[in-house]
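Asks: One structure follows; several queries about it will come next.
In my numbering, the protein residues as written are 1 to 63.
Structure (structure tokens):
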């Protein structure tokens, strides 16, 4: 696995179940669950990352 610099999302709650971390990569970003750092990760290219952010800001994701 490549070494990435992960940071917790400013929208993640400190104690809640919805905590994610992001790492910027050469062309886009990667996302992981902060409680399962060795688990699955999503990786987006630049266009996909912009689309993902727009959908998240619009509230398109429901838990």
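C-beta: ideal position from N, C-alpha, C; glycine also.
Quick caveat, the model's predicted, so the values are computed rather than measured.
When we look at the beta-carbon of residue 32 and count the other beta-carbons within 10 Å, is it buried (16 or more) or exposed?
Replies: Under this definition residue 32 is a buried residue.
Asks: Where does the unbroken alpha helix (DSSP H) through residue 46 begin, and where does it stop?
Replies: Run containing residue 46: 46–57, per the alpha helix (DSSP H) assignment.
Asks: Would you check if the distance between the CB atom of residue 49 and the CB atom of residue 28 is smaller than 9 Å?
Replies: Their beta carbons are under 9 Å apart, which means residue 49 touches residue 28 by this criterion.
Asks: Check residue 37 in the structure and name its three-state DSSP category.
Replies: If DSSP states are grouped into helix, strand and coil, residue 37 belongs with coil.
Asks: Identify, in the order they occur along the chain, each residue of the same chain with its Cβ nearer than 7 Å to the Cβ of residue 44, setting aside the five sequence neighbours on each side.
Replies: Closer than 7 Å at the Cβ level, and outside the excluded window around residue 44, lie 28, 29, 52.
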